[in-house]
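What follows is the structure in structure tokens.
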């Protein structure tokens, strides 16, 4: 089991948010890099609404650089 290392075989509360915090910035950054900073394409790649992606970029203070066309 994935949780066998935890007491009672269950991780402490808040697992979702801890994991999300670890992977969200690198994931969004990678999607933006793959789309050369195009937020509409990055949102589509991630399956997010464009406004949701923009809010996450703002809230997580992610720098967006547009490169090329």
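In the numbering used here, the protein residues as written are 1057 to 1125. For glycine and all other residues, C-beta sits at the position ideal for the given N, C-alpha and C.
Selection 1121, 1059, 1083 and 1115 evaluated against residue 1103 yields 1083 as nearest (Cα-Cα). Considering only 1067, 1097 and 1112, the residue with the shortest C-alpha distance to residue 1122 is 1097. Annotated three-state conformation of residue 1065 is helix, per DSSP. With fewer than 16 other Cβ atoms from the protein chains shown falling within 10 Å of its own Cβ, residue 1116 counts as exposed.
Only residues of its own chain outside the window of five on either side were considered, and among them 1087, 1090 and 1091 have a CB closer than 8 Å to the CB of residue 1101, listed in chain order.
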